[in-house]
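I have placed the structure first, in the form of structure tokens, so that the comments after it can refer back to it.
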Amino acid sequence: MAEKGLHKRAIALLSVLCLLASTICAPAAEAGTLIRDAEIEHTLRVYADPIFRAAGLNPAAVHIFVVEDDSINAFVAGGQNMFLHTGLIEACDTPQMLLGVMAHETGHIAGGHIAQGAEKFRHAALGMILAYVLGAAAAIGNGQAGMAVMTGGNQVITRSMLAYTRGNEEAADQAALTFLDRLGVSASGMVDMFQLLRRDEMRAYGSPDPYTLTHPLSAERIEHVRNHAEQSSLAPGTHPQAYDVMHQRMLAKLYAFLEMPPKTFARYSQTDKSIAARMARAIAWYKIPEIDKALSEMDGLIAQLPNDPFLYDLKGQMLFENGHVKEALQAYRRAAQLLPDSPLILTALGQTLIAALQIADAIPVLEKANALDNTNAQTWQLLAVAYGKQGNEGRAALALAEEDMLNDDANGAIQQASRALLLLKDNTARLRAEDIKRVATEMKKDSKSDNKPLH
5 MAEKGLHKRA IALLSVLCLL ASTICAPAAE AGTLIRDAEI EHTLRVYADP
55 IFRAAGLNPA AVHIFVVEDD SINAFVAGGQ NMFLHTGLIE ACDTPQMLLG
105 VMAHETGHIA GGHIAQGAEK FRHAALGMIL AYVLGAAAAI GNGQAGMAVM
155 TGGNQVITRS MLAYTRGNEE AADQAALTFL DRLGVSASGM VDMFQLLRRD
205 EMRAYGSPDP YTLTHPLSAE RIEHVRNHAE QSSLAPGTHP QAYDVMHQRM
255 LAKLYAFLEM PPKTFARYSQ TDKSIAARMA RAIAWYKIPE IDKALSEMDG
305 LIAQLPNDPF LYDLKGQMLF ENGHVKEALQ AYRRAAQLLP DSPLILTALG
355 QTLIAALQIA DAIPVLEKAN ALDNTNAQTW QLLAVAYGKQ GNEGRAALAL
405 AEEDMLNDDA NGAIQQASRA LLLLKDNTAR LRAEDIKRVA TEMKKDSKSD
455 NKPLH
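The numbering of the sequence shown is our numbering, which starts it at 5 and goes up by one.
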């Protein structure tokens, strides 16, 4: 009966395969979802990895997640997991503003700072942390400004649970200034961000941005950072020049995916011939949908930048989601050839290979994507489909258990890990199934403990 249940789930997964997107989807994502896009994540890693190295951290060990939420906020949860709201990214007009925020959050990681009330997440599974963060974002997006419900444990939580002490904030500021100095980046971006937050705070009349709630902003902090920037030998705005184009493309892509097409056309008019503007208009056409106009714009961009992997990635998404699997496969193959270590591009390629019934080719592509980034539930889901179609029920069950862990579904993870243990013979895979079952069982116990009534 276990195999029958697995077959049913595999069939259900396959039936929705063509609804899965490799990047952020149209129409606009709802608050409380993760934004996964190869170009955006690549840009953030280009910004952040030098900061992580300057802090003595291993960049590969730090995860960066973008949360669809129009409020200005960024925070660290569960150790080395950095979360950035889309509202914060869009508020950063310049790269150095975002660099300042990321350097500050890195200061919290390097300093081992634990936000008040967040001790429980120190050793929590990533799925639990994601459920907490996305549940909070969804509730706030629905107007529940002060609280949210964590999907895993049904616990009432507040924004203040992620608040840092004033001492932590000052230490993170100083660490950020040190990291930026080491990289030759001006701290003027931190000053600009602090001034933006202070202006918003003064206009808010009791409803400030979450960042000022979780990161207490004092006049002394602003003055300290301003003095450092003014006394620095670095000119205001100093940062790698390549960041400017990357930043504008990231902002354009976010805006076009998250806003309605008329707003995109108004902001990025036909007179704007920049790469960022043309990409934004292509996305707007694709969302209408006017796929021919979108693809025409993309072909023009590719003719100008034939070695840009992210243009092929975006074109592949447009083609795939409009049923042109063969053409999408060509685009994704080219994207993966140009950027072979992009886990999101590889996941999109694997998804398209499955849709093209090239299962044997899809599995190693998806396995490589997971080796590069094992935090994407969609990749595990696709692997389950591919393994299931090859008759490898044990591997399919293990992949579903991994997906359930990332979705904070302890019951599902236990069920699928148990099924995997019945079917798998490989010792390494069995050990992983045992680990998942053990951790998921602990998650269930913690959830029950957290929900005990107070006496």
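Quick reminder that beta carbons are idealized off the backbone N, C-alpha and C, glycines included.
Model, not experiment: these values are computed from the prediction.
Closest residue to residue i among the options (Cα-Cα distance)
i: residue 84; options: 353, 74, 62 and 404; result: 62
i: residue 319; options: 399, 198, 101 and 353; result: 353
i: residue 441; options: 431, 286, 351 and 408; result: 408
i: residue 464; options: 130, 228 and 203; result: Since the first residue shown for the chain is 5 and the last is 459, residue 464 is missing from the structure and cannot be characterised.
i: residue 429; options: 410, 366, 402 and 406; result: 402
i: residue 170; options: 129, 224, 180 and 136; result: 224
i: residue 262; options: 436, 94 and 340; result: 94
i: residue 257; options: 279, 447 and 431; result: 279
i: residue 375; options: 60, 182 and 65; result: 65
i: residue 131; options: 415, 231 and 78; result: 415
i: residue 2; options: 128, 435 and 98; result: Because the chain in this structure spans residues 5 to 459, residue 2 falls outside the shown range and cannot be described.
i: residue 112; options: 59, 99 and 396; result: 59
i: residue 98; options: 303, 371, 241 and 185; result: 241
Segment limits, alpha helix (DSSP H) that includes residue i
i: residue 117; result: Premise fails: residue 117 is in no alpha helix (DSSP H) and is neither H nor E.
i: residue 328; result: Run containing residue 328: none; DSSP gives neither H nor E here.
i: residue 175; result: 170 to 187
i: residue 226; result: 223 to 235
i: residue 300; result: 295 to 308
Three-state secondary structure (DSSP) of residue i
i: residue 194; result: helix
i: residue 85; result: strand
i: residue 38; result: strand
i: residue 157; result: Its pLDDT being 37, under 50, residue 157 is placed unreliably in this model, and the value from its coordinates should be taken loosely. Coil.
i: residue 128; result: coil
i: residue 265; result: helix
i: residue 272; result: coil
i: residue 54; result: helix
i: residue 241; result: coil
i: residue 151; result: For residue 151, the pLDDT reaches just 30, beneath the cut-off of 50, and the residue's location in the model is therefore unreliable, although a value from the coordinates is still provided. Residue state, collapsed to three classes: strand.
i: residue 344; result: coil
i: residue 360; result: coil
i: residue 395; result: coil
i: residue 415; result: helix
i: residue 422; result: helix
i: residue 277; result: coil
i: residue 59; result: coil
i: residue 110; result: helix
i: residue 318; result: helix
Run of the beta strand (DSSP E) containing residue i, from where it starts to where it stops
i: residue 68; result: 67 to 71
For residue i, the residue or residues it bridges with in DSSP
i: residue 79; result: 87
(request) Evaluate contact between the region 38 to 46 and the region 309 to 317, counting only Cβ atoms and requiring at least three cross-stretch pairs below 8 Å. (result) yes
(message) Contact between the region 89 to 109 and the region 56 to 76 is defined here as three or more beta-carbon pairs at a separation below 8 Å; is this criterion met?
(response) yes
(message) Quick check: the region 372 to 385 against the region 342 to 350, are at least 3 beta-carbon pairs closer than 8 Å?
(response) Touching, yes, given that three or more Cβ pairs across the two stretches are closer than 8 Å.
(message) Using a Cβ distance threshold of 8 Å, determine whether the region 52 to 62 contacts the region 354 to 367, with at least three qualifying pairs required.
(response) no
(message) Taking 8 Å as the cut-off, does the region 358 to 368 touch the region 329 to 346 (at least 3 CB pairs, one atom from each stretch)?
(response) yes
(message) Within 8 Å, do at least three Cβ pairs link the region 188 to 206 to the region 98 to 113?
(response) yes
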